[in-house]
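J.: This is the structure, below, for whatever I ask next.
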Amino acid sequence: MKRNIFIIILFFCISANAQNLRQNRQIIPDESSLAIQYYQEGDYEKAAVIFEKLFQNPNNEGYFDIYFNTLLKLKKYDVAEKIVKRQIKQSPQSEMYSIALGKLYQEKGDASAANKIFTDVITKMPKDEFKIRMLANSFYRFENYDYAIQTFKQGRKLINDEKAFAYELLNIYRFKKDKPMLMQEYLDILPTNPQLLPQAEAVLAMLFEDKSDYQAFQAGILKKVQKEPDAEIYIQLLTWNYIQQQEYDMALRQLIAFDKRTKADGGTLFNAIYTFVDNGAYETAIKAYEYLLTKGKENQYYLPAKIEMLNTKYSIQTKGKYDIANLDLLAKDYQILLDESGKNKNTLFAIKKLATLQAYYLKQPEKAELALEDAIKLPGISAVDIGQLKLDLGDIYILTNQPWEAFLVYEQVSKQFEGQAIGNEARYRSAKLSFYQGNFEYSNGQCLVLKAATSQLIANDALNLSLLISDNIQTPTDSNALKMYADAEMLIFRNLPLQAIKKLDSISVKYPQNGLGDAILMSKAKILIKADDYAEAAVILKKVTDDFKDGIWTDDALFTLADLYEKKLNNIAEAKIYFQKLITDYPGSMFSAEARKRFRNLRGDGV
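Residues -18 to -1, 1 to 589 in mature numbering (1 follows the signal peptide of the UniProt record, and there is no 0) are what the sequence shown spells out, letter by letter.
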């Protein structure tokens, strides 16, 4: 904070004296910078000599702040008192010098004299919003934050506006880490400033240390809800507070109660459910959708709720160790939706989800193949949607042992959408197919073309695959090891994780000198992440970052590791460490920009 105060003072010095320094030729232009350097380095004696010279020149009152603070650092209270009293005499209308005198008395240990001055200044404060703000800023400049708060609060009374100066008070409370007052200020101003809700949630999340903080805030919100039961902003805040404590059912209970009390159409609840899903509270999300369905088919959220409920069930049942019986029931639910609403562009999502279940989980790829072939012929489907359907169909052709058909479909989409994201994706899938088949030269050629793709993700994936191939086809042994790795990747593609891990483990047994160590670890980590085994995935990713610092996958591993710590393992400190490491050690990575953004967000910049 001392540094911040210094910067503020320096700003005043420069702004007040820029013109004078240009006109007053007897002062060496670099003297000011030299004095500031001495001040920063703690060499206050040398700084004071120069500041005294600068301050004594006409119209150089702008140097007062920093000269005054330098004298306080040196405990030259008599000199400081003489200067500040002279300034009071010359500018009696400026409260800043009176506040400086009070600050001097504080430094000398005379608190009563200082408080008398501060109280007197506040008492005489005019009914003028601008002057109130200037006075509070003067207190802030001299680090008297409590009196700055008192000034703003008294100012509210003077101008008869209890919401005035809210932003300033929030900043001071946040700086002081005064959690009770910060909570109360947000509670008071959010109804009239709902746009501050994201800021409030971010700031409080950083300051709250344990469950007791959230419980204290919860008590404050509930008091507000009792007084204003129809204020949606408090329900949103209460929902967030419960979610932070992972009390998802309590959050849902409040949302349903609010919906019933206000006889609403379910809009607030429907929008809140996405937060449950984002936090992995799928069961709570399903309960919420089921409540919305009770409103009947005439309600505008009936069909969206039914759709999202199926998609949420899909997210639950396809993660980790899935149950075939449950997935079969889910597939039937999608089929019922298609029977009720028909197969058209509005139900295309259901056709694709059902095909995915059939192809990768229920061992019915032939049914999925027919469904997608029919979907491509539906009227009203956009060209891009048809292209995506063809890519999905190409994948299923691989499952049904029709690699040539898959290749033709990929090539068709690649040429139709040349240079576009979907076209690049098609070319990359073609390269992967060739990789699975052991046609490494052709796969590498496709990847080299994609290195210039506009999509960073595709370009990065293509580069990694190209490097993987180039580094591991130098000898027949290398090529044979790479073919085993390609077979393992094919098993992952076919959603056969246990067989894939067995194949990956066998590579080093058969070819102990292979150069695929980091690639094998990354493949295992991806399998574990899909299985929700985040802790074990983190162990493997750390091994990649520690043992393969110059490897192909190291920056990917760092980003994935940081992401896991932030979103899955709830360890923000570790997430920041790995985001920072990625930014510092791999500045050229395609992940560095996103890592920097995420790191700053976790650190609280710009909140």
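We treat Cβ as the ideally placed atom computed from N, Cα and C, and that holds for glycine.
Predicted model only: the values in this text are computed from it and were never measured.
Whole angstroms is fine: what's the gap from Leu584's alpha carbon to Asp529's?
T.: The straight-line gap from Cα to Cα measures roughly 27 Å.
J.: Sorted by chain position, which residues of the same chain lie with C-beta nearer than 6 Å to Val103's C-beta, five sequence neighbours on each side aside?
T.: Within the same chain, Val103 has close Cβ partners Glu77, Ser80.
J.: With a threshold of 16 other CB atoms inside 10 Å of the CB of Gln8, please say whether the residue is buried or exposed.
T.: Confidence is the limiting factor: at Gln8 the pLDDT is only 42, short of 50, which leaves the residue's position unreliable, though a coordinate-based value still follows. Per the 10 Å Cβ criterion, exposed.
J.: Who are the Cβ neighbours of Ala263 in its own chain at under 6 Å, not counting the five residues just before and after it?
T.: Excluding sequence neighbours, Ala263 sits near Tyr230.
J.: Return the chain-ordered list of same chain residues with a C-beta closer than 6 Å to the C-beta of Tyr129, the five sequence neighbours on each side being excluded.
T.: Within the same chain, Tyr129 has close Cβ partners Phe100, Phe121.
J.: Expressed to the nearest angstrom, what Euclidean distance is found between the alpha-carbon atoms of Arg580 and Phe561?
T.: Spanning the two alpha carbons is a distance of roughly 8 Å.
J.: Pull up the distance between the alpha-carbon of Gly405 and that of Ser437, whole angstroms please.
T.: Approximately 11 Å between the Cα atoms of the pair.
J.: Could you spell out where the alpha helix (DSSP H) holding Asn477 opens and where it closes?
T.: Neither: Asn477 is in no alpha helix (DSSP H) and is coded neither H nor E.
J.: Under DSSP, the alpha helix (DSSP H) around Lys327 begins and ends at which residues?
T.: Where Lys327 is concerned, there is no enclosing alpha helix (DSSP H), given that its DSSP letter is neither H nor E.
J.: Taking the C-alpha atoms as reference points, what is the distance between Ala270 and Leu510?
T.: Roughly 30 Å separates the two Cα atoms.
J.: Which of the three DSSP states, helix, strand or coil, is assigned to Gln226?
T.: Gln226 falls in the helix class under three-state DSSP.
J.: Under a three-way DSSP split, which group does Asp374 fall into?
T.: Of the three classes helix, strand and coil, the one that applies to Asp374 here is helix, per DSSP.
J.: Please state whether the Cβ-Cβ distance between Ala501 and Leu450 is less than 8 Å.
T.: Yes, the Cβ-Cβ distance between Ala501 and Leu450 is below 8 Å.
J.: Given 8 Å as the limit, is there contact between the region 552 to 559 and the region 456 to 476, that is, 3 or more CB pairs closer than that?
T.: Because the criterion of three Cβ pairs below 8 Å is not met, the region 552 to 559 and the region 456 to 476 do not touch.
J.: Run the CB neighbour count on Trp222, radius 10 Å, all protein chains shown included, and call it buried at 16 or more, exposed below.
T.: Buried, since its Cβ has 16 or more Cβ neighbours within 10 Å.
J.: Considering only their Cβ atoms, is the gap separating Thr329 from Leu319 smaller than 8 Å?
T.: Against a cut-off of 8 Å, the Cβ pair of Thr329 and Leu319 comes out as a contact.
J.: What is the rounded straight-line gap between the Cα of Gln177 and the Cα of Ile358?
T.: Straight-line Cα distance between these residues: approximately 44 Å.
J.: Taking the straight line between their C-alpha atoms, what separation do you get for Gln181 and Pro211?
T.: Cα-Cα distance, rounded: 23 Å.
J.: Suppose the cutoff is 6 Å on Cβ atoms and the five residues either side in sequence are ignored; what does the same chain contact list for Pro479 look like?
T.: Only Ile509 meet the Cβ criterion.
J.: On the criterion of 16 or more Cβ atoms from any shown chain inside 10 Å, does residue 592 qualify as buried, or is it exposed?
T.: Since the first residue shown for the chain is -18 and the last is 589, residue 592 is missing from the structure and cannot be characterised.
J.: Can you confirm whether the region 451 to 464 touches the region 425 to 434 when touching is taken to mean that 3 or more C-beta pairs between the two stretches lie within less than 8 Å?
T.: Touching, per the Cβ criterion.
J.: Identify, in the order they occur along the chain, each residue of the same chain with its Cβ nearer than 7 Å to the Cβ of Glu576, setting aside the five sequence neighbours on each side.
T.: Counting only Cβ-Cβ distances below 7 Å, and skipping sequence neighbours, we find nothing.
J.: Verify whether the separation of the beta carbon atoms of Phe252 and Leu274 is less than 8 Å.
T.: For Phe252 and Leu274, yes; Cβs fall inside 8 Å.
J.: Measuring only the C-alpha atoms, how far is residue 601 from Glu167?
T.: Only positions -18 to 589 of the chain appear in the structure, and residue 601 is not among them; the question remains open.
J.: Around the Cβ of Ser574, are there at least 16 other Cβ atoms within 10 angstroms (buried) or fewer (exposed)?
T.: With 16 or more Cβ atoms within 10 Å of its Cβ, Ser574 is classed as buried.
J.: Please name the residue, chosen from Asp374, Gly137, Gln398, that lies closest to Glu387 on a Cα-to-Cα basis.
T.: For Glu387, the nearest C-alpha among the options comes from Asp374.
J.: When burial is assigned at 16 or more other CB atoms within 10 Å of the CB, is Gln200 buried or exposed?
T.: It counts as buried.
J.: Check Gln346 in the structure and name its three-state DSSP category.
T.: It is coil, neither helix nor strand.
J.: Does DSSP put Asp92 in a helix, in a strand, or in coil?
T.: In this structure, Asp92 counts as coil in the three-state DSSP scheme.
J.: Would you report the Cα separation of Asn(-2) and Ile18, rounded to the nearest angstrom?
T.: Because Asn(-2) sits at a pLDDT of 44, beneath the cut-off of 50, its placement in the model cannot be relied upon, and the following sentence gives the value as read from the coordinates. Those two C-alpha atoms are separated by around 14 Å.
J.: Quick check: what's the CA-CA separation for Val366 versus Asp170?
T.: Taking the straight line joining both Cα atoms gives about 49 Å.
J.: In three-state terms, what does DSSP make of Ser416?
T.: In the structure shown, Ser416 sits in a helix (DSSP, three-state: H, G or I).
J.: Name the two residues that bound the continuous alpha helix (DSSP H) containing Asn119.
T.: Where Asn119 is concerned, the enclosing alpha helix (DSSP H) stretches over 111 to 123.
J.: Could you spell out where the alpha helix (DSSP H) holding Thr300 opens and where it closes?
T.: Neither: Thr300 is in no alpha helix (DSSP H) and is coded neither H nor E.
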